[in-house]
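K.L.:
Structure incoming, see below.
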Amino acid sequence: FRFSMAPVALSKHRKKGFGKLSERGRMAVADSVGAAFDRGAVDVAGLLPWFPSFVASPLRQVAGAPMKPLRFMIHNAAPPSLRGSVTSYARRLYRRHYDQLGWRARRDDSSDTKLLREAVIRFMVMDVRDPEARARAARLGRRYAGYRTKAKPAVVDPQLAGLVLSTAVQESGVGLFEHLLTLLDSSTDATARNRVLTALGHAEDPILCERALRLALDPRIRVNEIGQLLRGQFRNPRTRERAWTWLITHFDELTVRFGASRGGGMPWYAASFCSEAAAAKVQEFFEPRVAELAGGPRNLAGAVEAIALCAEKAQVYRPGVVQAFSGHNRATRP
């Protein structure tokens, strides 16, 4: 269940009541506090003190609760000058879980433990971008793919295979990219192809980004696989603008590939933007182009609304992020 409380009451509950709750009670609190932040009922100063208690929990739903708001702060709410401070705080917060969970499943692991391990590693690798975690992920990805060595799929748990391949693409350059293209050409297995395509779509080098995007127009790529390439480019703040420029340049070609029944969903690729200017440019570009595509107007309205809501949320919370991470707040110090 989900509930709401005034900020003062929530703070009192955190200090005196949270530790006495049942597992279900702690899950309800973590969910409700996150929801309160999403709707503006709890500010950054009221949210951050909850995080150490949440992360200390053995429950996946509680321990993982800070990831979503921290991800939002890192990528959207924090000004560029403070992103390093937010990521450093996030790294410290999850370091113990990362070290304790490790990279390999244990015989007595519950399903929740496996899911928490995957979430923590993904957060440390892709959001916090911890150097040690990224180096390990890239190394495992190269071994998994058999790049300059014999392929060793068992080197990593299956649920982490896509992550390590994606990180390897970001860290390894053109050689691995070409190797994965070779694997793609020789594979008809849907799972294997999706992992490879998703990894290629996570490229960050400008030249490799362009090559990954061009694959969306390649007839060797199935229509239902195109999203694996585009989503990674649009969801990554480092590659999003390049992906947008490419999409508006090749929109007509993409529409032919997708067809009228699928092309109307293209506005959703841009929904990861988070500024008023982005909402305006997405509206301006797509409005005359998706009017006759199935679901186009509704999908465009939804995507623009998502961008506008994110922009408003970032604007509301940015002062609190600045105050919390400017070096004067004990809650975010080492």
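When you number the sequence shown by my numbering, it's gap-free, plus one each residue, and the end is 335. We put the beta carbon where it would ideally sit given N, CA and C, even for glycine. This one's a predicted model, so the numbers in the text were calculated from it and none came from an experiment.
#1: Just verifying my parser: in three-state terms, what is the DSSP assignment at PRO335?
#2: Candidates ASN237, ALA244, PRO53: which alpha carbon is nearest ALA217's?
#3: Candidates PHE4, ASP44, PHE178: which alpha carbon is nearest THR199's?
#4: To the nearest angstrom, how far is it from the Cα of GLY1 to the Cα of ALA10?
#5: Buried or exposed, going by whether 16 or more other CB atoms sit within 10 Å of the CB of ARG105?
#6: Write down every uninterrupted run of the alpha helix (DSSP H) in the stretch 227-261 whose length is 4 residues or greater and which is fully enclosed by it, in chain order.
#7: Output needed for MET74: all residues of its chain with C-beta closer than 7 Å, excluding positions within five of it in sequence on either side, in chain order.
#8: Taking 8 Å as the cut-off, is the CB of GLY303 close to at least one heavy atom of the ligand ATP?
#9: Closer than 6 Å by C-beta to ASP113: which residues in its own chain qualify, once you throw out the five before and the five after it? Chain order, please.
#10: Starting from ALA138, follow the alpha helix (DSSP H) in both directions and report where the run begins and ends.
#11: With 16 as the cutoff for other CB atoms within 10 Å, does LEU22 come out buried or exposed?
#12: Which residue's Cα is closest to the Cα of GLY303: MET267, LEU117, ASP109?
#13: What is the residue span of the alpha helix (DSSP H) that ARG212 lies within?
#14: What's the call for PRO53, buried or exposed, on a 16-neighbour Cβ count within 10 Å?
#15: Taking the C-alpha atoms as reference points, what is the distance between GLN229 and TRP269?
#16: Would ALA134 pass as a contact of TYR90 if the rule is Cβ separation under 9 Å?
#17: Can you list, in chain order, the residues of its chain with a C-beta nearer than 8 Å to that of VAL224? Leave out the 5 residues immediately preceding and following it.
#18: Can you tell me the Cα-Cα spacing of LEU209 and VAL175, whole angstroms?
#19: How should VAL43 be labelled, buried or exposed, when 16 other C-beta atoms within 10 angstroms of its C-beta is the threshold for buried?
#20: At what residues does the alpha helix (DSSP H) containing GLU288 begin and finish?
P.N.:
On the basis of the coordinates in this document:
#1: By one-based count along the sequence shown, residue 335 stands at place 334. Here the model assigns PRO335 a pLDDT of 44, short of 50, so the residue's position is not dependable and the matter cannot be decided.
#2: Reading the sequence shown from its first residue, position 216 is the one you call residue 217. ALA217 has its Cα closest to that of ALA244, out of ASN237, ALA244, PRO53.
#3: The count along the sequence shown starts at 1 and reaches residue 199 at position 198. Cα-wise, what sits closest to THR199 is PHE178.
#4: The structure shown has nothing for residue 1, since the chain only spans 2 to 335.
#5: Walking along the sequence shown from the start, residue 105 turns up at place 104. Per the 10 Å Cβ criterion, exposed.
#6: Complete alpha helix (DSSP H) runs here, min 4: 227-236, 241-250, 252-259.
#7: What you label residue 74 is simply residue 73 of the sequence shown in a count that begins at 1. Excluding sequence positions up to five before and after MET74, its CB lies within less than 7 Å of the CB of VAL87, VAL322, all in the same chain and listed in chain order.
#8: With respect to small molecules bound, the structure shown includes none, and the ligand ATP cannot be examined in it.
#9: Here residue 113 corresponds to residue number 112 of the sequence shown, with the count starting at 1. These residues qualify, in order along the chain: ARG61.
#10: Taking the first residue of the sequence shown as 1, we reach residue 138 at position 137. Residues 132-146.
#11: As a working note, residue 22 is residue 21 in the sequence shown. Counting Cβ neighbours within 10 Å, LEU22 comes out exposed, since fewer than 16 surround it.
#12: As a position in the sequence shown, residue 303 is number 302, starting the count at 1. Considering only alpha carbons, the answer is MET267.
#13: Here residue 212 is taken as the residue at index 211 of the sequence shown, counted from 1. Counting along the chain, ARG212 sits inside the alpha helix (DSSP H) bounded by residues 207-215.
#14: Sequence index remark: in the sequence shown, residue 53 carries index 52 (1-based). Exposed, by the Cβ-count rule.
#15: Sequence index remark: in the sequence shown, residue 229 carries index 228 (1-based). Sequence index remark: in the sequence shown, residue 269 carries index 268 (1-based). Their Cα atoms are separated by approximately 13 Å.
#16: Walking along the sequence shown from the start, residue 134 turns up at place 133. Walking along the sequence shown from the start, residue 90 turns up at place 89. No.
#17: Working through the sequence shown from its first residue, we reach residue 224 at position 223. The residues are ARG258, PHE259, GLY260, ARG263.
#18: Counting from 1 along the sequence shown, the entry for residue 209 is found at position 208. Counting from 1 along the sequence shown, the entry for residue 175 is found at position 174. Distance between the alpha carbons of LEU209 and VAL175: 7 Å.
#19: In the sequence shown, residue 43 corresponds to position 42, counting from 1. Per the 10 Å Cβ criterion, buried.
#20: On the sequence shown, position 287 is the one that residue 288 refers to. Segment: none, GLU288 is in no alpha helix (DSSP H) and carries neither H nor E.
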